[in-house]
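Using this note's numbering, you'd call the opening residue of the sequence shown number 494 and step up by one each time. Each residue gets a CB set at the ideal place from its N, CA and C atoms; glycine is no exception. None of the values given here were measured: they were computed from a predicted structure.
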Amino acid sequence: MPKQQIKQILALQDFEMPVEVSGWVRNRRGSKNVAFVHLNDGSCQKNIQIVVDAAHIQEDLIKKISIGACIKVSGTLVASQGSEQDREILATRLIILGESDPEKYPLQAKAHSMEFLRENAHLRTRTATFGAIFRVRHALGFAVHQYFNEQGFYYWQSPIITASDAEGAGETFRVTTLDLNKLPKTDDNRIDYKEDFFGREANLTVSGQLEAELGALGLGLVYTFGPTFRAENSNTSRHLSEFWMIEPEMAFYEAKDNQDLAENFLRYLIKYALDNCKDDLGFLDQRFAKEEQQKKKEEQSEMGLLEKLRFVVENDFERLTYTEAIDILLDSKPHKKKKFKYPVAWGIDLQSEHERFLVEKHFKKPVILSDYPKEIKAFYMKQNDDGKTVRAMDVLFPGIGEIIGGSQREENLEKLKQKTDELGLTEELWWYLDTRRFGTAPHSGFGLGFERLVQFVTGLSNIRDVIPFPRAPLSADF
Ligand code: 4AD
Ligand code: MG
Numbered sequence: 494m495p496k497q498q499i500k501q502i503l504a505l506q507d508f509e510m511p512v513e514v515s516g517w518v519r520n521r522r523g524s525k526n527v528a529f530v531h532l533n534d535g536s537c538q539k540n541i542q543i544v545v546d547a548a549h550i551q552e553d554l555i556k557k558i559s560i561g562a563c564i565k566v567s568g569t570l571v572a573s574q575g576s577e578q579d580r581e582i583l584a585t586r587l588i589i590l591g592e593s594d595p596e597k598y599p600l601q602a603k604a605h606s607m608e609f610l611r612e613n614a615h616l617r618t619r620t621a622t623f624g625a626i627f628r629v630r631h632a633l634g635f636a637v638h639q640y641f642n643e644q645g646f647y648y649w650q651s652p653i654i655t656a657s658d659a660e661g662a663g664e665t666f667r668v669t670t671l672d673l674n675k676l677p678k679t680d681d682n683r684i685d686y687k688e689d690f691f692g693r694e695a696n697l698t699v700s701g702q703l704e705a706e707l708g709a710l711g712l713g714l715v716y717t718f719g720p721t722f723r724a725e726n727s728n729t730s731r732h733l734s735e736f737w738m739i740e741p742e743m744a745f746y747e748a749k750d751n752q753d754l755a756e757n758f759l760r761y762l763i764k765y766a767l768d769n770c771k772d773d774l775g776f777l778d779q780r781f782a783k784e785e786q787q788k789k790k791e792e793q794s795e796m797g798l799l800e801k802l803r804f805v806v807e808n809d810f811e812r813l814t815y816t817e818a819i820d821i822l823l824d825s826k827p828h829k830k831k832k833f834k835y836p837v838a839w840g841i842d843l844q845s846e847h848e849r850f851l852v853e854k855h856f857k858k859p860v861i862l863s864d865y866p867k868e869i870k871a872f873y874m875k876q877n878d879d880g881k882t883v884r885a886m887d888v889l890f891p892g893i894g895e896i897i898g899g900s901q902r903e904e905n906l907e908k909l910k911q912k913t914d915e916l917g918l919t920e921e922l923w924w925y926l927d928t929r930r931f932g933t934a935p936h937s938g939f940g941l942g943f944e945r946l947v948q949f950v951t952g953l954s955n956i957r958d959v960i961p962f963p964r965a966p967l968s969a970d971f
């Protein structure tokens, strides 16, 4: 018999037929003679009920069906008399694939705290909540590839080990094979990286952008989808040390084209989840509502999860410049009443409280901010004629803050080289500058933080709960 997933059995139209399933016991009720087992194999949100009775199955086997155990069942699919399900499997053969001591199994048939589940990340995928999150994560990842394929983009691999720090924030993890207890030294007593594996300093990439630009300036439209690493010491609910980023890079796109693509892309991904993850999002919607009820009135979200997702799909994002945003903030109640923790003035790097005010209080919708002061943005961004700002864009989402960062790129060799000279990067980035030296072209791109997107779509408040094994300062278990 071909292997059947519970998802498939739940979709069957005809009853009274033989079926076979394997899965983990979520719950069991009943006596030693008859057990009602809720079985889940990860294929979908719903469990299937298995009826195991002593007329067909040995009692000592029935005894071993405990929460957490893994079983394989053959039997007949029949209509159920219970009110909670329309069908169940009447077991005629049962194999215990893996026993589980119910006293010791960490996951009980009750709600556990998210902290507890994070400490048990090796088992949390067996819960209803994490099953839903990771299925939605999968769907969004699949939709990323489908979207770009439909739009004529090529999937491009930027290296994970690099010698450059694309964002220039100095938050890289070093890659080395040197013996840290016996470091080779140069004559002037510095570490001699010539002796290291690559013969130079190397690190894990913070962004695949610079190499994606090389791809775009030959293939036209490319995107990366890979892990990126940042050693920033921020223990927040929106930061990970290892996260996945999607970075499209497009030749002949200017700033507005970049904004249009970012908006269209995000709406497509969210719509894909709404259309393809109905059960899981329905479950997460209820979970979200319960969580919101625990919060203070003024902190509760005005919309439910599904409502919020539909709203983003159906409404245009608000677009304005950084300068316009600063004016709004200066004119805002929290600024005038000194309620913001950080000061507001032209030139500041917007803090999360400022971004949240704009998105959640002022516009009440996603916002695209553009044309930031050049001092607070990366060297590769195209300079505006005003001499003060660059063609940056950030997309800000309710409850998340920045979900996308990007820009039109500086394609003028002189202007770019002036920047790399200032930063002492000209020699190291000779290959990057070469693309401006030979056949330069206007081009743009952006980076979407995949976990922030999954966070938004699943309504989870902590980013560590939307990646299977989160990496954060002082935390690299599993
Ligand atoms: O704004 P960032 O730093 O932009 C770049 O890296 C550009 N090179 C992208 C490009 O233009 N190709 O990061 C992009 C996005 C952020 O908007 C955020 O969603 C996410 O990556 N991000 C993080 N997500 C989780 N944990 C972190 N520590 C993150 N840092 C950035
Ligand atoms: Mg950014």
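Can the beta-carbon of residue i be found closer than 8 Å to that of residue j?
i    : j    : result
A744 : L710 : yes
S700 : A659 : yes
V637 : I739 : yes
S536 : Q498 : yes
T655 : T698 : yes
G894 : M886 : no
Q793 : E800 : no
R812 : I861 : yes
W649 : T721 : no
F781 : L754 : no
S657 : E921 : yes
A461 : Y765 : Missing from the structure shown is residue 461; the chain here goes from 494 to 971 and no further.
D773 : Q538 : yes
For the alpha helix (DSSP H) that contains residue i, what are its first and last residues?
i    : result
T913 : 906-916
G775 : 771-787
G634 : 621-643
Y925 : 923-930
I819 : 815-823
S845 : 845-849
G711 : 702-712
A614 : Note, A614: premise wrong, no alpha helix (DSSP H); not H, not E.
T585 : No alpha helix (DSSP H) holds T585; the beta strand (DSSP E) holding it covers 580-591.
Please indicate yes or no: does the CB of residue i lie closer than 7 Å to some heavy atom of the ligand MG?
i    : result
D864 : no
D820 : no
G898 : yes
D887 : yes
E577 : no
E785 : no
E895 : yes
Within the present structure, is the beta-carbon of residue i separated from the nearest heavy atom of the ligand 4AD by less than 7 Å?
i    : result
A659 : yes
F939 : yes
M738 : yes
L918 : no
E725 : yes
H936 : no
H549 : no
R849 : no
Q779 : no
E903 : no
G942 : yes
H615 : no
Contact defined as beta carbons within less than 8 Å: I believe residue i pairs with residue j. What is the distance between those atoms, to the nearest angstrom?
i    : j    : result
T933 : E904 : 5 Å
P866 : Y835 : About 16 Å separates the two Cβ atoms, so there is no contact after all.
F529 : A572 : That belief does not hold up - the Cβ atoms of F529 and A572 are roughly 15 Å apart, past 8 Å.
L714 : G645 : 6 Å
A614 : F971 : 5 Å
K550 : V518 : Sequence inspection shows Ile at residue 550; the Lys mentioned does not correspond to that position. No, I550 and V518 are not in contact; Cβ-Cβ is about 14 Å, not under 8 Å.
I821 : H855 : 6 Å
P961 : F627 : 7 Å
K565 : I588 : 4 Å
A965 : N696 : The Cβ separation is near 18 Å, so there is no contact.
E742 : H732 : Not a contact, Cβ separation roughly 24 Å.
Y647 : L707 : Actually they are not in contact, since the Cβ atoms of Y647 and L707 sit about 13 Å apart, beyond 8 Å.
Would you report the Cα separation of residue i and residue j, rounded to the nearest angstrom?
i    : j    : result
H828 : E944 : 31 Å
I558 : I543 : 11 Å
I841 : I869 : 8 Å
G880 : G624 : 50 Å
N751 : F939 : 8 Å
K830 : K790 : 21 Å
G692 : P891 : 45 Å
D594 : A562 : 8 Å
Identify the continuous beta strand (DSSP E) that holds residue i and give its terminal residues.
i    : result
Y865 : 860-866
P652 : From DSSP, P652 is part of no beta strand (DSSP E); its letter is neither H nor E.
V883 : 882-890
K565 : 563-572
F529 : 527-533
H936 : 936-942
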